[in-house]
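Here's the structure we're looking at; comments come further down.
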Amino acid sequence: MIYIETKNYIFSEIGKRVHTKKDELNLTYYQLAGYRNMDDYVGHQNTSVEDSKEDNNAVKQKKYGKYDLSIIKNIAGGKAYAKKNPNLISDSLLLYLTEKLKFSSEFEFLWGDFENSDLSKVLFHKVLIDVLYGDDDELKKLYNNVLFDYVPYAEYHSYWQMFVMGEIEIPKFPNSQLSIPSYFYNLNEDQISDKYESIQKNAIEFLYFKCRKQIHSSLVDFIIQEGDSLKKLDKKLDYFISHLTSFIEKYVPNEDSLGLRARNIIISDYRKFGTLIAKEMKDSPWTLVEHTLKLLVESSLAYITELKRVQSIELEVIKGYIFSGKEKGDDVD
Numbered sequence: 001m002i003y004i005e006t007k008n009y010i011f012s013e014i015g016k017r018v019h020t021k022k023d024e025l026n027l028t029y030y031q032l033a034g035y036r037n038m039d040d041y042v043g044h045q046n047t048s049v050e051d052s053k054e055d056n057n058a059v060k061q062k063k064y065g066k067y068d069l070s071i072i073k074n075i076a077g078g079k080a081y082a083k084k085n086p087n088l089i090s091d092s093l094l095l096y097l098t099e100k101l102k103f104s105s106e107f108e109f110l111w112g113d114f115e116n117s118d119l120s121k122v123l124f125h126k127v128l129i130d131v132l133y134g135d136d137d138e139l140k141k142l143y144n145n146v147l148f149d150y151v152p153y154a155e156y157h158s159y160w161q162m163f164v165m166g167e168i169e170i171p172k173f174p175n176s177q178l179s180i181p182s183y184f185y186n187l188n189e190d191q192i193s194d195k196y197e198s199i200q201k202n203a204i205e206f207l208y209f210k211c212r213k214q215i216h217s218s219l220v221d222f223i224i225q226e227g228d229s230l231k232k233l234d235k236k237l238d239y240f241i242s243h244l245t246s247f248i249e250k251y252v253p254n255e256d257s258l259g260l261r262a263r264n265i266i267i268s269d270y271r272k273f274g275t276l277i278a279k280e281m282k283d284s285p286w287t288l289v290e291h292t293l294k295l296l297v298e299s300s301l302a303y304i305t306e307l308k309r310v311q312s313i314e315l316e317v318i319k320g321y322i323f324s325g326k327e328k329g330d331d332v333d
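In structure tokens form, the structure reads like this:
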């Protein structure tokens, strides 16, 4: 799997640390690259032109003790480029900059104070986003199932699948292959999309709160064992996810889960409601049973609202969880 969000975050944080140390030590980019100043850099560039065309950056580093200025700037900007620095920083440059910028170790350079910071919470979120939008369908399904324990996510992921992605089949317009859109269910597709990201973030935080000690311990172990280099980072993160999954799959919700209860109701009742909408479009009168069904659907949706309220009280008032993606209007009464 390719961990785009995770690597972008890791690279960005490295860039921030490099910037901070560079400013603390009052160094220029030329000095970071091993030159005295700009004139020294220009002079060496002219010398390099006369060197063998076969000399690559590694050869020139050994010959002159100098480093590619553009790569140094890329690292400070937290940017990796396929042709220049695909892993952000090479092992040799990591050793050099760790000493040059007076970091205590390569681990501090790459991960900061990873044992005593909120890195595990942020990195857990980034890794799960990569999984949820990645190409491993089995892994994606597993983690979504775990996140369904959070009622708002169970609700909005169901809407997302039904009305945005079309992953759950819903009733179609009469004599048509087009599914009836969210508008006819008194739902706004743009609003679903707008809310989905923050609700998903809260669902991931909810899972983190439930097993934060295990997650933090797993991350610390991962960094100590695998974190002294950024080479093959995607494969290393695969290993990290594999370890996380081994204990997180124990949190797949059962029939007592408020969120799973809400999801099952939503999918079932919106399909029933869609059937009623389609019948109404054909000007077919509803039977008494169908009028009763409409009332049952409305009651179910009110029940889901109450489930969200009950869980919100449990998590925020009783357990004291603070969610960073809190929505307006979601405050507990």
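As numbered in the UniProt record's numbering, residues 1 to 333 make up the sequence shown, in order.
Beta carbons are placed, not taken as given, at the ideal position from N, Cα and C, and that holds for glycine.
- Is DSSP giving K141 helix, strand or coil here? helix
- Please report how far the alpha carbon of G320 lies from the alpha carbon of M1, in whole angstroms. Each residue's alpha carbon lies about 35 Å from the other.
Buried versus exposed, by CB contacts within 10 Å (16 or more), M38: exposed
query: Alpha carbon to alpha carbon, what distance is there between M165 and K121?
result: 28 Å
Taking the straight line between their C-alpha atoms, what separation do you get for G329 and L258? With a pLDDT of 44 at G329, under the threshold of 50, the modelled position of this residue cannot be trusted; read the value that follows with caution. Their Cα atoms are separated by approximately 20 Å.
Checklist entry - Would you say F163 and E189 are within 8 Å of each other, going by their C-beta atoms? => result Between F163 and E189, the C-beta spacing is below 8 Å.
As assigned by DSSP and simplified to three states, the class of residue 335
It is not possible to answer for residue 335, since the shown part of the chain is limited to 1 through 333.
**Prompt:** Hey, would you say V151 sits closer than 8 Å to A302, going by beta carbons?
**Reply:** No, these two residues do not count as a Cβ contact at 8 Å.
Review point. Using the C-alpha atoms, what's the distance from S299 back to L276?
Key: 16 Å
Three-state secondary structure (DSSP) at S90?
Coil.
Exercise. By Cβ distance, which residues of its chain are closer than 6 Å to F124, with the 5 residues on each side in sequence left out?
Worked result: Correct list, in chain order: Y208, I215.
* Asked: Would you call the region 141-150 and the region 242-258 touching, i.e. three or more CB-CB distances under 8 Å?
  -> yes
Practice prompt. Grab me the residues of I75's own chain with a C-beta within less than 8 Å of its C-beta, minus the 5 sequence neighbours each way, in chain order.
Written response: Sequence-distant partners of I75 (beyond 5 residues in either direction) whose C-beta falls short of 8 Å from its own C-beta, in its chain, are I14, G15, V18, N85, L88, I89, L93, L97.
Determine the direct distance from the alpha carbon of R212 to that of K272, and round the result to whole angstroms. 40 Å
Bridge partners of K172, per DSSP?
S179
- Going by CA-CA distance only, name the one from Y133, A203, K201, Y156 that's closest to S182. Y156
#### Entry: DSSP three-state assignment for M1, whether helix, strand or coil
coil
If you draw a straight line from the C-alpha of D113 to the C-alpha of R309, how long is it? 38 Å
Worksheet item: What separation, rounded to the nearest whole angstrom, lies between the Cα atoms of I10 and W111?
Response: 8 Å
Notebook entry, point to check: Is the distance from the Cβ of N202 to the Cβ of F323 below 8 Å?
Noted result: Yes, the pair counts as a contact, with Cβ atoms nearer than the cut-off.
task = Leaving aside the five residues before and after G134 along the sequence, list all residues of the same chain whose C-beta is less than 6 Å from its C-beta, in chain order.
result = M1
Counting only the same chain and skipping the five closest in sequence on each side, list residues whose C-beta sits under 8 Å from that of K172.
L178, S179, I180, A278
message = If distances are taken between C-alpha atoms only, which option among Y143, E169, T20, L230 comes closest to N8?
response = The option with the nearest alpha carbon to N8 is L230.
May I ask which residues mark the beginning and end of the alpha helix (DSSP H) holding F247? 233-248
Query raised in the report: Whose CA, out of K210, L219, S70, T292, lies closest to the CA of V252?
Result: Each of K210, L219, S70, T292 was checked against the Cα of V252, and the nearest Cα belongs to K210.
Check whether the Cβ atoms of D5 and I129 sit closer than 8 Å, and answer yes or no. Checking the sequence, you will find Glu at residue 5 rather than Asp. Against a cut-off of 8 Å, the Cβ pair of I129 and E5 comes out as a contact.
* Just the C-alpha distance for A80 and D68, rounded to the nearest angstrom, thanks. => 14 Å
_Just to confirm before moving on: does the CB-CB distance between L142 and E249 stay below 8 Å?_
Yes, they are a contact pair.
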